[in-house]
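A short worksheet on the structure shown next.
Residue numbers (the working numbering), protein chains in the order written: chain A, 1 to 343; chain B, 1 to 343.
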């Protein structure tokens, strides 16, 4: 027996305050560091003594960063949180609280907005990130902004500026999967379909390397770190600029997943392009002093559940950023990561 | 002598990272609470011992919240900061750091974006709010999001939930000016033009009641507070819901500026509608226990440089929210403030 069909609820019908009231009921303070959550002019937080705060923000725009035809609202909520937790992980910090702003078209279904919040909340809480406030406004495109606060032991934050020539360059996990997943969403094709499943999953629900960031910070193991959001070829330049040095990366050391290799083989694509220039991997790129390389290689996988790979080393600034190919050629590595304004 | 005309720089030409580099140079750490500002995966802040944090966010969308035909980029930057500082003021807190996300159309002039930052920076620094990070992405509409962290002495934050029946209801400054200023921008007309000048100024560059919020918090003078961003008739309901009580407001006590009265007289409009339902006043609405009313009236103007007016009192919840008209009639006061999703 089915009841009468309910008219579809849209934001235009439920309204800003009606929606806030619904969301508010799902977000309760737990008496920890959150003194007051959603529902006032601002949230109130109690910082932990002796910790420094990290503060970061990310904006995602429909049609630029995501396509609601290929990502569900729940996945988008989870991914939005993951992107911010990844920034936090790259600082070696533990997320504590986020505020979420949404620009929402009037005809946007309320159930999709609730699913988005469920994704954010569920994914965020597994890393300790609580939603404590936000803003919901009308807009033509669906726009999401998250700002995140995290905590890190005083002086222990991982920066982009600490790397020194001679140190080893490491990366977590595998590179290029997310961009290949996006490619397969944009070029649907039976060829390479099995391999694409995992790549799409990596694209839609990335895993921030939270455990690795915390381990590197707590053991003072990394001299610098950055997360790979815009592609390795861009991020290595950011790290080198931050530290005032150069880098050499070995093509044959780049960690590529079996899925990426199978997908590229089936579709006759070059995996190297995805690995170097593909964005949204959300892996961590970090540098380790020579005396501690064996410690990093030995301990990180077991302690963090994440594979790590040494892909090169840091060199003096004058040497620039170089890729050493499989044939031993040295070619300058240009930043080709995603620029939202490039033509 | 004029040089050759330079091609207009747009975000499409300068690019995300080029723009970030320009902005970064204008934002230096001052060694206070900002350990690390713009340019890493996140900013690093050092919280003051014994303080609680407040955390808030606001999103502004072109065509919904502002029209770049009637507000300059500099003014928009200043207003964006003012809106967030106002939330902070309503908590009795002192702003410390903000992160700014911008969704920017590709053809947006870079000089306008720089003017926007100048407005934010200049206006923000006068309240102690430093820009420590952000995100710049492409979008079809110009979208601005600011997230703000502030500090307040432990347990001293002003909430919406502390008001009690019998207490006096106060408001700072004057009400309805901003909405009348917006009206005059949308209905250009020589009539009432002189009066409109000040109203437009109030609309474009509102002054957050920072000093009042800090004074109320430091003296424990207010039992509750909220900022009037969506219009008095909405905000009084938020305050009453937060505190589980009702309120009576006297029409004749509402503080109306001479400019508002002149403008409405010249254009045959009702000032009451602007004062009750007009948004973006960014005044503070707060409650004061009976025993401290004279202290509030006597000290606030001199100590904070801001006029305050008692406009009514809080009553038991069952009595609801009532407006007592000039003729002594009691009418229910319905929330009619701005809902971005209403038709």
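In this text, a Cβ means the ideal position worked out from N, Cα and C, and glycines have one as well.
Whole-Å CB distance - residue 103(A) paired with residue 141(A), under 8 Å assumed: As a position in the first chain, residue 103(A) is number 103, starting the count at 1. As a position in the first chain, residue 141(A) is number 141, starting the count at 1. A Cβ-Cβ separation of about 7 Å places residue 103(A) in contact with residue 141(A) under the 8 Å criterion.
Residue 110(B) classed as buried or exposed, judged by whether at least 16 other C-beta atoms fall within 10 angstroms: As a first step, residue 110(B) must be located in the second chain, where it is residue number 110. With 16 or more Cβ atoms within 10 Å of its Cβ, residue 110(B) is classed as buried.
Whole-angstrom distance between residue 68(A) and residue 328(B), CA atom to CA atom: Start at 1 with the first residue of the second chain, and residue 328(B) comes out as number 328. Start at 1 with the first residue of the first chain, and residue 68(A) comes out as number 68. Taking the straight line from one Cα to the other gives about 55 Å.
Residue 71(A) at chain B interface by Cβ criterion, 9 Å: Walking along the first chain from the start, residue 71(A) turns up at place 71. Not closer than 9 Å to any Cβ of chain B, the Cβ of residue 71(A) fails to qualify, so no.
Exposure of residue 271(A), with buried meaning 16 or more beta-carbon neighbours within 10 Å: Numbered from 1 along the first chain, position 271 holds the residue referred to as residue 271(A). So residue 271(A) ends up on the buried side.
Length at least 3, wholly inside the stretch 147-200 of chain A: the beta strand (DSSP E) runs in chain order: Entirely contained in the stretch 147-200 of chain A, the beta strand (DSSP E) runs reaching 3 residues are, in chain order, 168-172.
Cβ-based burial, residue 50(B) [other Cβ within 10 Å; buried from 16]: Working through the second chain from its first residue, we reach residue 50(B) at position 50. By the 10 Å Cβ count, residue 50(B) comes out exposed.
Sheet register partners of residue 309(B) (DSSP bridge): Taking the second chain and counting its residues from 1, one reaches residue 309(B) at position 309. BP columns for residue 309(B) point to 171(B).
CB contact check: residue 51(B) to chain A, cutoff 9 Å: Stepping through the second chain from its first residue, residue 51(B) is reached at position 51. At least one chain A Cβ lies under 9 Å of residue 51(B).
Burial state of residue 318(A) (16 or more Cβ within 10 Å): Position 318 of the first chain, counted from the start, is the residue given in the question as residue 318(A). Residue 318(A) is exposed by the Cβ-count criterion.
Below-9 Å beta-carbon distance, residue 212(A) vs any chain B residue: Within the first chain, the letter at position 212 stands for residue 212(A). False, the Cβ-Cβ gap to chain B never drops below 9 Å.
Residues, ordered as in the chain, of the stretch 89-110 of chain B that lie near chain A by beta-carbon distance below 8 Å: Of all residues in the stretch 89-110 of chain B, 90, 91, 93, 97, 99, 100, 101, 102, 103, 104 and 106 have a Cβ within less than 8 Å of some Cβ in chain A.
Residues bridged to residue 137(B) [DSSP beta-bridge criterion]: Position 137 of the second chain, counted from the first residue, corresponds to residue 137(B). Beta-bridge pairing by DSSP links residue 137(B) to 103(B).
Extent of the continuous alpha helix (DSSP H) run through residue 237(A): Position 237 of the first chain, counting from 1, holds the residue named residue 237(A). 232-243 is the extent of the alpha helix (DSSP H) around residue 237(A).
Residue 174(B) to residue 268(B) span [Cα, whole Å]: Mapped onto the second chain, residue 174(B) falls at position 174. Mapped onto the second chain, residue 268(B) falls at position 268. Going by the C-alpha atoms only, they are around 20 Å apart.
Integer-rounded CB distance, given that residue 130(A) should sit under 8 Å from residue 97(A): Residue 97(A) sits at position 97 when you count from the first residue of the first chain. Residue 130(A) sits at position 130 when you count from the first residue of the first chain. Contact annotation, residue 97(A) with residue 130(A): C-beta distance approximately 5 Å; criterion of less than 8 Å satisfied.
CA nearest to the CA of residue 291(A), picked from 78(A), 184(A), 164(A) and 265(A): Position 291 of the first chain, counted from the first residue, corresponds to residue 291(A). Out of 78(A), 184(A), 164(A) and 265(A), 164(A) has the C-alpha closest to the C-alpha of residue 291(A).
Beta strand (DSSP E) segment containing residue 250(B), residue limits: Locating residue 250(B) in the second chain gives position 250, where the first residue counts as 1. Segment 246-250, the beta strand (DSSP E) holding residue 250(B).
Contacts around residue 216(B), its chain only, beta-carbon distance under 7 Å, and the 5 residues preceding and following it disregarded: By one-based count along the second chain, residue 216(B) stands at place 216. Counting only Cβ-Cβ distances below 7 Å, and skipping sequence neighbours, we find 92, 158, 222, 225 and 286.
Spatially closest choice to residue 179(B) from 56(B), 65(B), 115(B) and 135(B), by CA coordinates: Along the second chain, one-based indexing puts residue 179(B) at 179. It is 65(B).
Chain A within 9 Å of residue 336(B), Cβ atoms only: Here residue 336(B) refers to the residue found at position 336 when the second chain is read from its first residue. Chain A places no beta carbon closer than 9 Å to that of residue 336(B), leaving this residue out of the contacts.
Own chain, CB closer than 6 Å to residue 203(A), minus 5 neighbours either side, in chain order: Along the first chain, one-based indexing puts residue 203(A) at 203. So the qualifying residues of the chain are 178, 181 and 182.
Cβ neighbours of residue 82(B) in the same chain (closer than 8 Å, five flanking residues each side left out): Residue mapping note: residue 82(B) aligns to position 82 of the second chain, counting from 1. Sequence-distant Cβ neighbours of residue 82(B) in its own chain, meaning closer than 8 Å and more than five residues away, are 123, 205, 206, 207, 208 and 282.
Residue 89(B), enclosing alpha helix (DSSP H) - first and last residue: Counting from one through the second chain, the residue named residue 89(B) turns up at place 89. Residue range 73-90 is occupied by the alpha helix (DSSP H) that includes residue 89(B).
Presumed contact (8 Å Cβ cut-off) between residue 171(B) and residue 309(B), rounded CB distance: By 1-based counting over the second chain, the position of residue 171(B) is 171. By 1-based counting over the second chain, the position of residue 309(B) is 309. Contact holds; Cβ gap of about 6 Å.
Cut-off 6 Å between Cβ atoms - residues of its own chain near residue 133(B), not counting five sequence neighbours on either side: Residue numbering aside, residue 133(B) sits at position 133 when the second chain is read from its first letter. If we look at residue 133(B) and ignore the five residues flanking it on each side, its Cβ neighbours are 38, 43 and 99.
Residue 9(B), DSSP secondary structure in three states: As a working mapping, residue 9(B) is identified with position 9 in the second chain. It is coil, neither helix nor strand.
Selection of the stretch 52-65 of chain B by Cβ proximity to chain A, strictly under 9 Å: Interface annotation for the stretch 52-65 of chain B against chain A: 52, 53, 54, 55, 56, 57, 58, 59, 60, 61, 62, 63, 64 and 65, criterion Cβ-Cβ distance under 9 Å.
Residue 186(B) at chain A interface by Cβ criterion, 9 Å: For this step, residue 186(B) is matched to residue 186 along the second chain. By this cut-off, residue 186(B) is not an interface position.
Cβ-based burial, residue 136(B) [other Cβ within 10 Å; buried from 16]: Residue mapping note: residue 136(B) aligns to position 136 of the second chain, counting from 1. Result: buried.
Residue closest to residue 114(B), alpha-carbon to alpha-carbon, out of 78(B), 326(B), 188(B) and 303(B): For the purposes of this step, residue 114(B) is identified with residue 114 of the second chain, where counting begins at 1. If we check each option's Cα against that of residue 114(B), 78(B) comes out closest.
Contacting positions in the stretch 115-148 of chain B - beta carbon closer than 9 Å to chain A: Answer in chain order: 132, 133, 134, 135, 136, 137, 138, 139, 140, 141, 143, 145, 146, 147 and 148.
9 Å Cβ cutoff met for residue 210(B) and residue 89(B): The residue labelled residue 210(B) in the question sits at position 210 within the second chain. The residue labelled residue 89(B) in the question sits at position 89 within the second chain. With a cutoff of 9 Å on beta-carbon distance, residue 210(B) and residue 89(B) are scored as near each other.
Exposed unless 16 or more other CB atoms sit within 10 angstroms - verdict on residue 332(B): Numbered from 1 along the second chain, position 332 holds the residue referred to as residue 332(B). Under a 10 Å Cβ-count criterion, residue 332(B) is classified as exposed, with fewer than 16 other Cβ atoms of the shown protein chains found around its own Cβ.
Extent of the continuous alpha helix (DSSP H) to which residue 38(B) belongs: Here the question's residue 38(B) lines up with position 38 in the second chain. Taken as a continuous stretch (DSSP letters only), residue 38(B) belongs to no alpha helix (DSSP H), as it is neither H nor E.
Terminal residues of the beta strand (DSSP E) in which residue 330(A) lies: As a working mapping, residue 330(A) is identified with position 330 in the first chain. Residue 330(A): member of the beta strand (DSSP E) spanning 330-332, first to last residue.
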